[in-house]
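Engineer: Structure incoming, see below.
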Amino acid sequence: MTGKAIHRASGATVTPEEFIRREGPQYRDKGIYPECIVCGSVLHPYGVNSTNVTARFDHPDRTDCLLSSTPNPRYIHLQPSDWDLAAGKRLRETICRLENIKQAYAVCRALCFNHLKVSEFLEMFREGDRKRIWAYKGLQEWVAPYILVTLVDLEPNGKRRFPLRFVLRKPARQPIDAMWVSPEDCALEPVFADSGRPMARDPIVLSDDRIEAARADTAWIPDVMTKRLKECCAHR
Ligand SMILES: [Zn+2]
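Structure follows, in structure tokens:
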């Protein structure tokens with residue numbers, strides 16, 4: 027269930043009340059339905075004229091969409107208080123500028139204990155696109171890499187001995203907005219991706235000095251790598 031959906035005709039995000047106001051209670055007869063911001067499913071407004079329940083959009087059954095009532099627990103931290111699709115488009119364009127994409131990679135790499143293949147970063151970025159993280163209302167550019175590393179489990183390889191996952195620790199019941207509203211209350215905890223057990227390493231606080239130093243240091247990234255990093259922005 028979610029409080030916002032896309033009104034297909036206008037491309038705007040609407041509440042259930044706004045959707046009914048635009049399309050009328052006979053929207054079904056017109057074949058016009060609201061669409062989920064994340065998974066693109068057709069949704070159903072519920073409780074618009076009820077005094078007992080808060081109006082919402084319902085998903086079809088048996089979905090694990092993050093905005094449904096049965097979200098995949100792996101990604102349950104990805105719940106913003108609201109969405110801004112236009113700002114999300116602008117933010118993604120900003121991050122895709124050459125220096126900024128290098129910085130995003132450098133931050134993700136530092137978070138992942140200085141081992142992150144470009145292909146792994148591209149996968150994180152693709153997941154970010156798929157889950158529409160850029161459109162979280164109010165999301166600040168500096169926070170985006172801290173979200174990206176929570177989206178993909180990293181397999182062991184020559185330099186990484188264990189499967190790595192980052193779990194976001196934030197104040198209970200707060201939306202992901204806490205990451206930019208009160209970053210001092212948030213941290214990324216490294217866990218073994220297969221068992222979920224915490225690693226014997228301290229959680230990384232947001233805007234950690236070591237991590238932010240990596241953001242400022244991108245001169246070492248060779249051109250061939252930069253070219254590959256740009257691939258994440260090529261499609262869309
Ligand atoms: Zn959905």
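For reference, each letter of the sequence shown is one residue, going 27 to 262 in our numbering. Beta carbons are placed, not taken as given, at the ideal position from N, Cα and C, and that holds for glycine. No experiment lies behind these values; they were computed from the predicted model shown.
Apart from the five residues just before and just after TYR72, which ones in its own chain have a Cβ nearer than 6 Å to its Cβ?
Structural biologist: The answer, listed in chain order, is ARG82, ASP84.
Engineer: Using C-beta distances below 6 Å, list every residue in its chain close to ARG135, excluding the 5 sequence neighbours before and after it, in chain order.
Structural biologist: If you ignore the 5 residues before and after ARG135, its C-beta comes within less than 6 Å of the C-beta of LEU142, all in its own chain and listed in chain order.
Engineer: Expressed to the nearest angstrom, what Euclidean distance is found between the alpha-carbon atoms of ARG158 and SER76?
Structural biologist: 30 Å
Engineer: So what's ALA170 in DSSP terms, helix, strand or just coil?
Structural biologist: helix
Engineer: Nearest by alpha-carbon distance to ASP178: which of GLU167, PRO216, ASP211 is it?
Structural biologist: Just to set this straight, residue 178 is Val in the shown sequence, not Asp. The shortest C-alpha separation from VAL178 is found at PRO216.
Engineer: Where does ASP84 fall in DSSP's three states?
Structural biologist: In the three-state DSSP reduction, ASP84 falls in the strand class (E or B).
Engineer: Pull up the DSSP beta-bridge partners for TRP160, would you.
Structural biologist: None, per the DSSP bridge assignment.
Engineer: Give, in chain order, every unbroken run of the alpha helix (DSSP H) that is at least 4 residues long and sits entirely within the stretch 80–152.
Structural biologist: 111–121, 124–137
Engineer: Excluding the 5 residues flanking MET205 on each side, which residues of the same chain have their C-beta closer than 6 Å to its C-beta?
Structural biologist: VAL169, CYS212
Engineer: Could you tell me how far apart the beta carbons of VAL74 and PRO42 are, in whole angstroms, since I believe they sit closer than 8 Å?
Structural biologist: 5 Å
Engineer: Between the beta-carbon of ILE237 and the beta-carbon of LEU137, is there less than 8 Å?
Structural biologist: Yes, the pair counts as a contact, with Cβ atoms nearer than the cut-off.
Engineer: Does the Cβ of LEU93 lie closer than 7 Å to at least one heavy atom of ligand 1?
Structural biologist: yes
Engineer: Of all the options SER233, PRO197, ILE127, which has the alpha carbon lying nearest to the alpha carbon of PHE151?
Structural biologist: For PHE151, the nearest C-alpha among the options comes from ILE127.
Engineer: With 16 other CB atoms within 10 Å as the buried threshold, where does PRO171 fall?
Structural biologist: buried
Engineer: Within 7 Å: the Cβ of HIS33 and any heavy atom of ligand 1?
Structural biologist: no
Engineer: In the DSSP assignment, find the alpha helix (DSSP H) that holds THR252 and state where it starts and stops.
Structural biologist: 249–255
Engineer: Should SER107 and ASP203 be called a contact, given that it needs their Cβ atoms to be closer than 8 Å?
Structural biologist: yes
Engineer: Tell me GLU215's beta-bridge partners as DSSP assigns them.
Structural biologist: Paired residue(s): VAL193.
Engineer: Using DSSP with H/G/I as helix, E/B as strand and the rest coil, what is VAL207?
Structural biologist: helix
Engineer: Quick one: using the 10 Å Cβ neighbour count with 16 as the cut-off for buried, is ARG191 buried or exposed?
Structural biologist: buried
Engineer: Can you check DSSP and say which residues form a bridge with THR39?
Structural biologist: ILE32
Engineer: Using 7 Å as the cut-off, classify the Cβ of VAL68 as near or not near the heavy atoms of ligand 1, replying yes or no.
Structural biologist: no
Engineer: Reducing DSSP to helix, strand and coil, say where GLU181 ends up.
Structural biologist: coil
Engineer: From MET27 to VAL40, what distance separates their C-alpha atoms?
Structural biologist: So the two alpha carbons sit approximately 14 Å from each other.
Engineer: Straight-line CA distance for THR325 to VAL79?
Structural biologist: This structure cannot settle anything about residue 325, because the visible part of the chain is limited to 27 through 262.
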